[in-house]
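Working notes, structure below.
There are 2 protein chains.
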Amino acid sequence: MKTCIYNVMILTMNAKQDVIENGYVVFEDEKIVELGEGSYTGVCDEMIDGAGDILMPGMINTHTHTGMIPFRSLGDDCKDRLRRYLFPLESACMNDSLVYHSAKYAIAEMLLAGVTTFVDMYYFEDEVAKATDEMGARAFLGETIIDFATCDSDCAYGGYEYCKWFIPKWLNHPRITPFPAPHATNTNSAEMLQKANELAQKYEVPISLHVAEMDYEMQHFKDTYGKTPIQFLDDLQLLHPHLLAAHCIHVNEEDRILMQKRKCSVAHCIGSNTKAAKGVAPVKEMLALGIPVGLGTDGPASGNTLDILTQFKLFANFHKCEHRDRSLFPSKEIVALGTIQAAKTLRLEKEIGSIEVGKKADLVLIETHSVNMFPIYDPYAALVYSANASNVKTVFVDGKCLVKDKQLVNDSLDALRNNLKEAMQTFIQKATHFSIEEDGAK
Amino acid sequence: MKTCIYNVMILTMNAKQDVIENGYVVFEDEKIVELGEGSYTGVCDEMIDGAGDILMPGMINTHTHTGMIPFRSLGDDCKDRLRRYLFPLESACMNDSLVYHSAKYAIAEMLLAGVTTFVDMYYFEDEVAKATDEMGARAFLGETIIDFATCDSDCAYGGYEYCKWFIPKWLNHPRITPFPAPHATNTNSAEMLQKANELAQKYEVPISLHVAEMDYEMQHFKDTYGKTPIQFLDDLQLLHPHLLAAHCIHVNEEDRILMQKRKCSVAHCIGSNTKAAKGVAPVKEMLALGIPVGLGTDGPASGNTLDILTQFKLFANFHKCEHRDRSLFPSKEIVALGTIQAAKTLRLEKEIGSIEVGKKADLVLIETHSVNMFPIYDPYAALVYSANASNVKTVFVDGKCLVKDKQLVNDSLDALRNNLKEAMQTFIQKATHFSIEEDGAK
Numbered sequence: 001m002k003t004c005i006y007n008v009m010i011l012t013m014n015a016k017q018d019v020i021e022n023g024y025v026v027f028e029d030e031k032i033v034e035l036g037e038g039s040y041t042g043v044c045d046e047m048i049d050g051a052g053d054i055l056m057p058g059m060i061n062t063h064t065h066t067g068m069i070p071f072r073s074l075g076d077d078c079k080d081r082l083r084r085y086l087f088p089l090e091s092a093c094m095n096d097s098l099v100y101h102s103a104k105y106a107i108a109e110m111l112l113a114g115v116t117t118f119v120d121m122y123y124f125e126d127e128v129a130k131a132t133d134e135m136g137a138r139a140f141l142g143e144t145i146i147d148f149a150t151c152d153s154d155c156a157y158g159g160y161e162y163c164k165w166f167i168p169k170w171l172n173h174p175r176i177t178p179f180p181a182p183h184a185t186n187t188n189s190a191e192m193l194q195k196a197n198e199l200a201q202k203y204e205v206p207i208s209l210h211v212a213e214m215d216y217e218m219q220h221f222k223d224t225y226g227k228t229p230i231q232f233l234d235d236l237q238l239l240h241p242h243l244l245a246a247h248c249i250h251v252n253e254e255d256r257i258l259m260q261k262r263k264c265s266v267a268h269c270i271g272s273n274t275k276a277a278k279g280v281a282p283v284k285e286m287l288a289l290g291i292p293v294g295l296g297t298d299g300p301a302s303g304n305t306l307d308i309l310t311q312f313k314l315f316a317n318f319h320k321c322e323h324r325d326r327s328l329f330p331s332k333e334i335v336a337l338g339t340i341q342a343a344k345t346l347r348l349e350k351e352i353g354s355i356e357v358g359k360k361a362d363l364v365l366i367e368t369h370s371v372n373m374f375p376i377y378d379p380y381a382a383l384v385y386s387a388n389a390s391n392v393k394t395v396f397v398d399g400k401c402l403v404k405d406k407q408l409v410n411d412s413l414d415a416l417r418n419n420l421k422e423a424m425q426t427f428i429q430k431a432t433h434f435s436i437e438e439d440g441a442k
Numbered sequence: 443m444k445t446c447i448y449n450v451m452i453l454t455m456n457a458k459q460d461v462i463e464n465g466y467v468v469f470e471d472e473k474i475v476e477l478g479e480g481s482y483t484g485v486c487d488e489m490i491d492g493a494g495d496i497l498m499p500g501m502i503n504t505h506t507h508t509g510m511i512p513f514r515s516l517g518d519d520c521k522d523r524l525r526r527y528l529f530p531l532e533s534a535c536m537n538d539s540l541v542y543h544s545a546k547y548a549i550a551e552m553l554l555a556g557v558t559t560f561v562d563m564y565y566f567e568d569e570v571a572k573a574t575d576e577m578g579a580r581a582f583l584g585e586t587i588i589d590f591a592t593c594d595s596d597c598a599y600g601g602y603e604y605c606k607w608f609i610p611k612w613l614n615h616p617r618i619t620p621f622p623a624p625h626a627t628n629t630n631s632a633e634m635l636q637k638a639n640e641l642a643q644k645y646e647v648p649i650s651l652h653v654a655e656m657d658y659e660m661q662h663f664k665d666t667y668g669k670t671p672i673q674f675l676d677d678l679q680l681l682h683p684h685l686l687a688a689h690c691i692h693v694n695e696e697d698r699i700l701m702q703k704r705k706c707s708v709a710h711c712i713g714s715n716t717k718a719a720k721g722v723a724p725v726k727e728m729l730a731l732g733i734p735v736g737l738g739t740d741g742p743a744s745g746n747t748l749d750i751l752t753q754f755k756l757f758a759n760f761h762k763c764e765h766r767d768r769s770l771f772p773s774k775e776i777v778a779l780g781t782i783q784a785a786k787t788l789r790l791e792k793e794i795g796s797i798e799v800g801k802k803a804d805l806v807l808i809e810t811h812s813v814n815m816f817p818i819y820d821p822y823a824a825l826v827y828s829a830n831a832s833n834v835k836t837v838f839v840d841g842k843c844l845v846k847d848k849q850l851v852n853d854s855l856d857a858l859r860n861n862l863k864e865a866m867q868t869f870i871q872k873a874t875h876f877s878i879e880e881d882g883a884k
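So the protein lines, in turn, are chains A and B.
The first sequence maps to residues 1 to 442 in the numbering used here.
The second sequence maps to residues 443 to 884 in the numbering used here.
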């Protein structure tokens, strides 16, 4: 099966960030085989006219929790929400079916928004893997390991045992990479962090956890060890090229130098971090040291929507304002953080993140016909400052068309929503009661 | 003509911020005549089923420049863009036809995004008034007064002469309020500021200008007068209940107390201010003193999109993060800043900004069927954190349906875009040359 998208503006996101004003891309099965300027003269099974569209690499969401759609818009403005809302409700009502249907819905949301690869951390991650396999997305899926009994384990650290069968089960899937995901630096013992790390190394998969995110986490490490979480992880030999550290809001200069030396990567969640009033991670400083940084939405409980386009705008405004420099992070650098730079955080920059011959055909067409997308002098600026998820028109993953004319090709969104609604019945009851009790307790 | 929207969740935005989970609103011609819970039993000319929708008051954009659509995505990340890009290009290529077609397009964009009232400042404001009249929106339209010759005047302060005929011409229009708009504190003489103010008072219309926005503006007033711009305006008697001061990023505690005493209002443009790296205005502190604050997008050159929903999210994240308090500004307070609080800045809170009997039928239906809008525990949170402009479904201004099923009722967006494109031909040529020269000069 050979497909050509022609008559289209192409943001290649290659090393030179070449923009082809009017050109074509040809892919055969899952791989890009040709691209160029002007007209395509060959023969393909399918010809797609990209007139008026921008073709870009599929966007990459480096940190989310697809099982958490049921939490969206619940207690958003509540203090210490993680420990007050999320942990108790997860213990009380999360189950395999709810995670499965939530993941399907979340993946649909990401595909419709042009996100073709995502990194997930949650419970019942085998269900997320099934959902990902069925939906056709590309994903890194981490089973959470934490120091208390959870919805998918009746003892502490059950996620570690889960990983032992979950990782080999999905290891050879063409689009799925399973990995162990210790919850955070302060919710795992040093011993468990090392064991999880050894498991990741045994299977040659990444490891990811929440790092330097919480004020109380920072205080805990200072009080207990006189260290930062980054120093603590380094002492345990967890800082290495296959660590994707989520958040890293509170990393000081010494931390950053350590991260540079150890070549670990960062999933930066500007929307979630700022909505939760935690602060702005020092991304300018990390990038200056060559630390790979990708953008993440965080889960729908924290970042609400799962599209990377919203993160582009938030990233631009927060980092420019933080440094009082409007010329910092011109929009083409920001689009890179959602594509090729994000691919580097996953050590997958030879496979995805740019439109180049030999790479996977993970491709997104953005329409410029909607009212917010005119005029366009700079396509990167249009993506960062003007676009929203509703401008995503057509999406391919591994050469397969999963979104066409803003609709899912293989699924009905209504059906996905109805299935999720049904699976959520108990959750909604408990969540509503819980909110009332929480309000009473304030 | 009597219309009923039934079977709908209503965010009234009244003094108690009542939410009607399932109810109806009836309006006759331009006024709301009835609303309540449950089923409507009366008879209407038109019955609109709002199942699954959220009905809210039309949103209010308290600061924009509708003539500037041609600038969108041009030189976004360029330092001192106002003086390097905007002023020279305006002088070189702005004309009446371009402003007219730009304003029509911008008003279409706002209506499609649920913005029913806007405050504009630009040149050729008579053209904006014609466009507003034709499109059916509600607007406050300010002709710019500035200390140099402009595209609509061959001498300095031509806008003042323009106001003398422009204001009386539109003064009695049912949806349009004309006003004088001195450009900024530092681009007008003290004498001209006073003359503009007297003109506003003569016609009993507001006055609006850019205040305490620029670092160089602050420095200028400090060096020249040993004052802040707010103190300077107060000495000229420009601080009063009919002043809408745009931006007010750099207002200190003394300034704020003066503003409180004089009962002036603020148009807060969080997206534009932070994208330009200027800083975050002290809105928490202003609101604590009872200073009316509304949200504004700024022009499409600065804020890029003209929808208030985007400002909701930026407002939440920036102000929460600034104060390191995620519970600050719960989403229902933020929605108020785009509706009833914004109406107060225009002294129009008895007419618009909430859904109450006797008020204008400026109404917006938001659909919750799109992937980003499920689930909804808190409709305000869904508007602030999940929604984007593409979720706006149906819009009424003065009881007239201007947007239905996400399409303009009376205009073709394609035709508006084509007309604007045609009017932009010279502009695009000069803008492109100008960009190249600017790049060369760097």
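Where is the CB? At the ideal position from N, CA and C, for every residue including glycine.
Computed from a predicted structure; not experimentally measured.
Indicate whether at least one CB of chain A lies closer than 8 angstroms to the CB of residue 689 (chain B). For the purposes of this step, residue 689 (chain B) is taken as residue 247 along the second sequence, with counting starting at 1. No, residue 689 (chain B) does not count as interfacial toward chain A.
According to DSSP, residues forming a beta bridge with residue 20 (chain A): Sequence index remark: in the first sequence, residue 20 (chain A) carries index 20 (1-based). According to DSSP, which records beta bridges pairwise, residue 20 (chain A) is partnered with A:10.
Is the segment 239-259 of chain A close to the segment 190-207 of chain A, with three or more CB pairs under 8 angstroms? yes
Does the distance from the C-beta atom of residue 336 (chain A) to that of residue 63 (chain A) stay below 8 angstroms? On the first sequence, position 336 is the one that residue 336 (chain A) refers to. On the first sequence, position 63 is the one that residue 63 (chain A) refers to. The answer is no: Cβ separation not under 8 angstroms.
So, is residue 784 (chain B) buried or exposed, given that buried needs 16 or more other C-beta atoms within 10 angstroms? Sequence index remark: in the second sequence, residue 784 (chain B) carries index 342 (1-based). Classification of residue 784 (chain B): buried, given that the 10 Å Cβ count is 16 or more.
Pop quiz: residue 26 (chain A) and residue 44 (chain A) are said to be a contact at Cβ under 8 angstroms. What is the actual Cβ separation, rounded to whole angstroms? Numbered from 1 along the first sequence, position 26 holds the residue referred to as residue 26 (chain A). Numbered from 1 along the first sequence, position 44 holds the residue referred to as residue 44 (chain A). Yes, residue 26 (chain A) and residue 44 (chain A) are in contact; Cβ-Cβ is about 6 angstroms, under 8 angstroms.
Under a three-way DSSP split, which group does residue 564 (chain B) fall into? Here residue 564 (chain B) is taken as the residue at index 122 of the second sequence, counted from 1. In this structure, residue 564 (chain B) counts as strand in the three-state DSSP scheme.
To the nearest angstrom, report how far apart residue 510 (chain B) and residue 872 (chain B) are at their CA atoms. Your numbering for residue 510 (chain B) matches position 68 in the second sequence. Your numbering for residue 872 (chain B) matches position 430 in the second sequence. When rounded, the distance between both Cα atoms is 15 angstroms.
Extent of the continuous beta strand (DSSP E) run through residue 805 (chain B): Here residue 805 (chain B) corresponds to residue number 363 of the second sequence, with the count starting at 1. First-last of the beta strand (DSSP E) with residue 805 (chain B): 805-809.
Between which two residues does the beta strand (DSSP E) containing residue 585 (chain B) stretch? Indexing the second sequence from 1 puts residue 585 (chain B) at position 143. Here the beta strand (DSSP E) through residue 585 (chain B) covers 580-587.
Put residue 150 (chain A) into one of helix, strand or coil per three-state DSSP. Residue numbering aside, residue 150 (chain A) sits at position 150 when the first sequence is read from its first letter. Here residue 150 (chain A) sits in strand by DSSP.
Rounded C-beta distance between residue 179 (chain A) and residue 207 (chain A)? I'm assuming under 8 angstroms. Stepping through the first sequence from its first residue, residue 179 (chain A) is reached at position 179. Stepping through the first sequence from its first residue, residue 207 (chain A) is reached at position 207. Yes, residue 179 (chain A) and residue 207 (chain A) are in contact; Cβ-Cβ is about 6 angstroms, under 8 angstroms.
Give me the Cβ distance between residue 311 (chain A) and residue 291 (chain A), rounded to the nearest whole Å; I'm assuming they're in contact under 8 angstroms. Within the first sequence, numbered from 1, the residue matching residue 311 (chain A) stands at position 311. Within the first sequence, numbered from 1, the residue matching residue 291 (chain A) stands at position 291. Their Cβ separation, rounded to whole angstroms, is 18 angstroms, which puts residue 311 (chain A) and residue 291 (chain A) out of contact at 8 angstroms.
According to a CB-to-CB cut-off of less than 7 angstroms, which residues of the segment 838-855 of chain B neighbour chain A? 855
Assign residue 415 (chain A) to buried or exposed, taking buried as 16 or more other Cβ atoms, counted over all protein chains shown, within 10 Å of its Cβ. As a position in the first sequence, residue 415 (chain A) is number 415, starting the count at 1. Exposed, since its Cβ has fewer than 16 Cβ neighbours within 10 Å.
If the criterion is Cβ atoms closer than 8 angstroms, does the pair residue 137 (chain A) and residue 107 (chain A) meet it? Along the first sequence, read from residue 1 onward, the residue named residue 137 (chain A) stands at position 137. Along the first sequence, read from residue 1 onward, the residue named residue 107 (chain A) stands at position 107. Contact: yes.
Among B:870, B:565, B:864, B:573, nearest to residue 588 (chain B) - alpha-carbon criterion: Taking the first residue of the second sequence as 1, we reach residue 588 (chain B) at position 146. It is B:565.
Identify the residues that DSSP records as bridge partners of residue 37 (chain A): which are they? Taking the first sequence and counting its residues from 1, one reaches residue 37 (chain A) at position 37. Paired residue(s): A:23.
Own chain, CB closer than 7 angstroms to residue 802 (chain B), minus 5 neighbours either side, in chain order: Stepping through the second sequence from its first residue, residue 802 (chain B) is reached at position 360. Closer than 7 angstroms at the Cβ level, and outside the excluded window around residue 802 (chain B), lie 472, 473, 793, 794, 840.
Given this structure, state the Cα-to-Cα distance separating residue 760 (chain B) from residue 23 (chain A), to the nearest angstrom. The sequence position of residue 760 (chain B) within the second sequence is 318, counting from 1. The sequence position of residue 23 (chain A) within the first sequence is 23, counting from 1. Straight-line Cα distance between these residues: approximately 40 angstroms.
Out of B:656, B:772, B:721, B:853, which has the shortest C-alpha to C-alpha gap to residue 322 (chain A)? In the first sequence, the residue the question calls residue 322 (chain A) occupies position 322. The candidate whose alpha carbon is nearest that of residue 322 (chain A) is B:721.
Under 8 angstroms by Cβ, that's how I've got residue 177 (chain A) and residue 159 (chain A) pegged, so tell me the actual separation to the nearest angstrom. As a first step, residue 177 (chain A) is located in the first sequence; it is residue number 177 there, counting from the start. As a first step, residue 159 (chain A) is located in the first sequence; it is residue number 159 there, counting from the start. Between residue 159 (chain A) and residue 177 (chain A) the Cβ distance is about 17 angstroms, and since that is not below 8 angstroms, they are no contact.
Quick check on residue 312 (chain A) - is its C-beta less than 8 angstroms from some C-beta in chain B? Numbered from its first residue, the first sequence carries residue 312 (chain A) at position 312. Judged by the 8 angstroms Cβ criterion, residue 312 (chain A) is not in contact with chain B.
Report back the beta-carbon spacing between residue 598 (chain B) and residue 590 (chain B) to the nearest angstrom; my notes put them in contact at under 8 angstroms. Here residue 598 (chain B) corresponds to residue number 156 of the second sequence, with the count starting at 1. Here residue 590 (chain B) corresponds to residue number 148 of the second sequence, with the count starting at 1. Their Cβ separation, rounded to whole angstroms, is 5 angstroms, which keeps residue 598 (chain B) and residue 590 (chain B) in contact under 8 angstroms.
Assuming residue 74 (chain A) and residue 819 (chain B) form a contact by the criterion Cβ under 8 angstroms, report the distance between their Cβ atoms to the nearest whole angstrom. The sequence position of residue 74 (chain A) within the first sequence is 74, counting from 1. The sequence position of residue 819 (chain B) within the second sequence is 377, counting from 1. Contact flag correct, Cβ pair sits at about 5 angstroms.
Measure the beta-carbon distance from residue 269 (chain A) to residue 247 (chain A) and round it to whole angstroms, keeping in mind my assumption that it falls under 8 angstroms. As a working mapping, residue 269 (chain A) is identified with position 269 in the first sequence. As a working mapping, residue 247 (chain A) is identified with position 247 in the first sequence. Contact flag correct, Cβ pair sits at about 6 angstroms.
Under 8 angstroms by beta carbon: chain B residues contacting residue 112 (chain A): The count along the first sequence starts at 1 and reaches residue 112 (chain A) at position 112. The answer, in chain order, is 813.
Please identify, using Cβ separations under 7 angstroms, the residues of the segment 767-787 of chain B that lie next to chain A, in order along the chain. 767, 768, 769, 772, 773
Under a Cβ-count criterion, where at least 16 other Cβ atoms within 10 Å of its own Cβ denotes burial, should residue 154 (chain A) be classed as buried or exposed? As a position in the first sequence, residue 154 (chain A) is number 154, starting the count at 1. The residue in question, residue 154 (chain A), is exposed, as its Cβ has fewer than 16 Cβ neighbours within 10 Å.
Quick check: what's the CA-CA separation for residue 828 (chain B) versus residue 730 (chain B)? Working through the second sequence from its first residue, we reach residue 828 (chain B) at position 386. Working through the second sequence from its first residue, we reach residue 730 (chain B) at position 288. Cα-Cα distance, rounded: 27 angstroms.
How would you call residue 65 (chain A), buried or exposed, if buried means at least 16 neighbouring beta carbons within 10 angstroms? To locate residue 65 (chain A), count along the first sequence from 1; it is residue 65. Buried.
Are the segment 230-238 of chain A and the segment 182-193 of chain A in contact at 8 angstroms, needing three or more beta carbon pairs? yes
Residue 724 (chain B) beta carbon less than 8 angstroms from that of residue 77 (chain A): The residue labelled residue 77 (chain A) in the question sits at position 77 within the first sequence. The residue labelled residue 724 (chain B) in the question sits at position 282 within the second sequence. Not a contact, by the Cβ cut-off of 8 angstroms.
Near residue 540 (chain B), what residues of its chain come up, given a Cβ to Cβ distance below 7 angstroms and the 5 sequence neighbours on each side ignored? Here residue 540 (chain B) is taken as the residue at index 98 of the second sequence, counted from 1. Correct list, in chain order: 512, 865, 866, 869.
So residue 298 (chain A) packs on residue 389 (chain A), CB below 8 angstroms; how close in whole Å? As a working note, residue 298 (chain A) is residue 298 in the first sequence. As a working note, residue 389 (chain A) is residue 389 in the first sequence. Not a contact, Cβ separation roughly 16 angstroms.
Please classify residue 631 (chain B): is it buried, with 16 or more other beta-carbons within 10 angstroms of its beta-carbon, or exposed? Stepping through the second sequence from its first residue, residue 631 (chain B) is reached at position 189. Exposed.
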